[in-house]
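With the sequence shown counted from 1, adding 11 to any position gets you our numbering. Yeah, the Cβ is synthetic: ideal placement off N, Cα and C, and Gly gets one too. It should be emphasised that the depicted structure is a prediction, and the values quoted were computed from it without experimental measurement.
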Amino acid sequence: MAGSRSALLVACTAAFVACGAAPPPTPAVAADPTTADAGPPARADATPSPIDRAPDAITARLAQTPPGDRPTLLDDADPATLEAALPHLEPTSEAAGWIALRLGRIKRHQRQFHDAATLFAQAAAADGAPADTAKADLAALRGQDAMVRNRIAALLPLSGPYAPIGETALNAIRLALMAEPGIELIVGDTAGEADRAVVVLTSLVRDQHVAAVIGPVGTIESFAVAQAAERLETPVMTLSAREDLPRLGTFVFRHRLTRGAQAEAIARHAIEDLGIRTFAILYPEAESGRELMTAFWRAVESRGGEVRGAQGYSTHGNDFNAAIKKLIGRHHLEARTVDPHWEQLNRKSKDKALHVPPVVDFEGLFIADSGQRVRLLLPFLSYWDIEVKNDPNLDPASFTFKYGGEPPQLVQILGASGFNDPRLTRRPPPQALNSVFIDAFWPESEAARPLVEAWLSTYGRPPPVLAAHAFDATQLVARAVRDRTDRASVRRALLAIGDHRGVFGATRVAGDGEVQFDLELLTLDPDAGVVPFGGRAEPDAPRDEDAPGR
């Protein structure tokens, strides 16, 4: 095929010269490689495309090409060359049909939908094979523009290993819609797969004509859906914590507290309100743990604080000894000398690491983990002589004898939303008391009461955080789609929501598509459980460069 295309170039050029015309210019037009139907990008080198230097040559070449190969014959043709040739062909000829189809797909990819529809209509009126393909593309394009008022979709993993997560979100969406009469829900199953999620989204838009979409949840499928939603110009409210999702497009929104936002808030509070300047970090060696650790480290340094050390631990098993020993200088004993006081104090211990004092040169310890693992990790701190400030009135002098007359550094435990987990908070270990953590959803708050009571009465347990996000996201989307006539107006309505009172308290949609929350500073009280720490951590006001108008 490549050889025949090169021969065609010579023939086409000769045809133009014979007619006394110069070959048309061939500027490079870059096509997006992520769009399958747009084909590969046009060549940007000095070699012109081998397709079409004269209308007669195109017709002849198509006639010589087997029917099965004709749809791809123009894939690497220069769009400007095709546009120059199209007016010189019989409008209903097969050659004109293939060129119009190819140009229509390029226009569709460039989001010039009116021009794309015109070209598809021309191709649909042509003779031969291009007509049927063009009719299908034209129908899909018109279906993409069509929208049924007050119809939304839930795009969630309802089969496969993530089905329980999807079911939780779907139950919350349905619960929220009980208070939204007239809003119709269509459900799509992603099975937790990115490719399938895009296919289902496309069907929801082109076949079901939904006005907006809630979901997905997973990071990979949300990334793929965000890109597809932008091409389809359909508002999508994702429930994923993946960073920077809304930056993928102007139709992409997110209702989830990101790790970056949590790290910023807890670092700001620790430094500005608690006066902590030096920190250490323990984190699970998983993507989520590394992301949260990195975000917290950067947030601390941006505010003039210092991270003295960070250690990761395996997510498999419950042994945290190695990570903690490395953090406090009790791992590489060849670099330490035995301390007589500590050797005598721990003379019965077989672990020689206890014969040297811990190096606790930090005031705050941020644990970038959640739930059960935090519950298991915290007692290891006491074993390795990290004295936790588990009481706001704890006096370092009470440890004077243990530390040979010198009071130790008391360490404030800090966490993110993962601390707000019943597996940790229902019966917390002593080291968890007085810890400071942050979350957007607090089930005991007055704002959360409607969801908590409804969830308890229906499912017999408090709602998980994902249910709260799905519930509140549904309220926002329902408010935006009601009685709108097109998806662009739905998008504008979402961006106009400046003060929504829901289960998270006051929320707002920022100009970059992020739903912003008033983050609650929380702590663990030995009698009352999870309670406010004594103030709210307000999010930083969005800067113009961070939240551009959309």
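Measuring alpha carbon to alpha carbon, tell me which of the options ends up nearest residue i.
i: Ile110; options: Thr245, Ala127, Arg122 and Gln121; result: Ala127
i: Ala187; options: Ser170, Ala165, Leu169 and Ala205; result: Ala165
i: Arg4; options: Pro102, Ala140 and Thr144; result: The question about residue 4 has no answer, for the chain in this structure spans 12 to 561.
i: Ala276; options: Ser313, Gln442 and Gly79; result: Ser313
i: Val385; options: Asp483, Asp80 and Leu425; result: Leu425
i: Asp510; options: Arg493, Glu531, Leu487 and Leu530; result: Leu487
i: Tyr324; options: Gly271, Val318, Glu283 and Asp380; result: Asp380
i: Ile197; options: Val216, Glu204 and Gly203; result: Val216
i: Ala252; options: Leu444, Ser500 and Ser428; result: Ser428
i: Met304; options: Ala321, Glu317 and Phe331; result: Ala321
i: Ala135; options: Gly199, Phe124, Leu149 and His220; result: Leu149
i: Ala142; options: Gln123, Pro168 and Ala107; result: Ala107
i: Val542; options: Glu254, Ala208 and Ser446; result: Ser446
i: Arg503; options: Ala517, Gly513, Ala521 and Arg512; result: Ala521
i: Tyr294; options: Ala334, Pro390 and Leu405; result: Ala334
i: Ala71; options: Ser104, Asp87 and Glu94; result: Ser104
i: Val263; options: Ala68, Asp523 and Asp538; result: Asp523
i: Ser393; options: Glu531, Lys336 and Asp406; result: Lys336
i: Thr213; options: Ala272, Ile194 and Arg242; result: Arg242
i: Ala479; options: Thr496, Phe412 and Thr518; result: Thr518
i: Pro461; options: Gly513, Arg472, Ala491 and Phe410; result: Gly513
i: Thr469; options: Gly79, Thr179, Pro78 and Glu455; result: Thr179
i: Phe448; options: Ala458, Asn431 and Leu181; result: Asn431
i: Val371; options: Lys413, Ile339 and Thr76; result: Ile339
i: Gly407; options: Pro419, Lys413 and Val399; result: The sequence given here has Pro at residue 407, not Gly. When only C-alpha atoms are compared, the closest one is Pro419.
i: Gly545; options: Ala539, Glu531 and Asp538; result: Glu531
i: Ala297; options: Ala272, Thr326 and Leu73; result: Thr326
i: Phe377; options: Glu417, Lys413, Gly300 and Ser409; result: Gly300
i: Leu467; options: Asp86, Asn182, Ala96 and Phe131; result: Asn182
i: Tyr173; options: Asp218, Leu97 and Glu232; result: Glu232
i: Leu268; options: Ala278, Phe410, Glu254 and Ala147; result: Glu254
Tell me, which residues are paired with residue i by DSSP?
i: Gln322; result: Leu293
i: Met248; result: Ile225 and Phe264
i: His511; result: Thr518
i: Gln423; result: Gly375
i: Gly328; result: Per DSSP, none; premise fails for Gly328.
i: Thr534; result: Val447 and Val542
i: Val399; result: Val422
i: Glu317; result: Thr289
Tell me which residue opens and which closes the beta strand (DSSP E) that residue i is part of.
i: Val370; result: Taken as a continuous stretch (DSSP letters only), Val370 belongs to no beta strand (DSSP E), as it is neither H nor E.
i: Gln133; result: Careful: Gln133 lies outside any beta strand (DSSP E), inside the alpha helix (DSSP H) at Phe124 to Ala135.
i: Phe448; result: Val447 to Asp450
Would you give the residue range spanned by the alpha helix (DSSP H) that residue i belongs to?
i: Ile110; result: Glu105 to His120
i: Met304; result: Glu298 to Ser313
i: Arg493; result: Where Arg493 is concerned, there is no enclosing alpha helix (DSSP H), given that its DSSP letter is neither H nor E.
i: Val526; result: It is not in any alpha helix (DSSP H) - Val526 instead sits in the beta strand (DSSP E) that spans Val526 to Phe528.
i: His99; result: Segment: none, His99 is in no alpha helix (DSSP H) and carries neither H nor E.
i: Glu283; result: Arg270 to Glu283
i: Glu464; result: Arg460 to Tyr470
i: Gly382; result: Gly382 to Tyr394
i: Ala499; result: Arg498 to Leu506
i: Leu435; result: Pro433 to Thr436
Using 8 angstroms as the threshold, is the C-beta distance between residue i and residue j below it?
i: Arg265; j: Leu256; result: yes
i: Gln133; j: Pro82; result: no
i: Arg434; j: Gln383; result: yes
i: Glu374; j: Gln423; result: yes
i: Ala222; j: Ile184; result: no
i: Gly226; j: Leu250; result: yes
i: Ala205; j: Ala157; result: no
i: Asp396; j: Pro440; result: no
i: Asp536; j: Phe515; result: no
i: Leu533; j: Asp450; result: yes
i: Arg270; j: Gly316; result: no
i: Val228; j: Gly177; result: yes
i: Leu114; j: Leu93; result: yes
i: Leu387; j: Asn332; result: no
i: Ala306; j: Ala281; result: no
i: Leu405; j: Leu389; result: no
i: Val211; j: Gly199; result: yes
i: Val463; j: Pro454; result: yes
i: Arg495; j: Arg160; result: yes
i: Pro168; j: Gly203; result: yes
i: Ile194; j: Ala489; result: yes
May I have a chain-ordered list of the alpha helix (DSSP H) segments no shorter than 4 residues that lie completely inside the stretch 153 to 238? 174 to 188 and 205 to 217
Taking only runs that begin and end inside the stretch 68 to 99, name each unbroken beta strand (DSSP E) of 3 or more residues, in chain order. none
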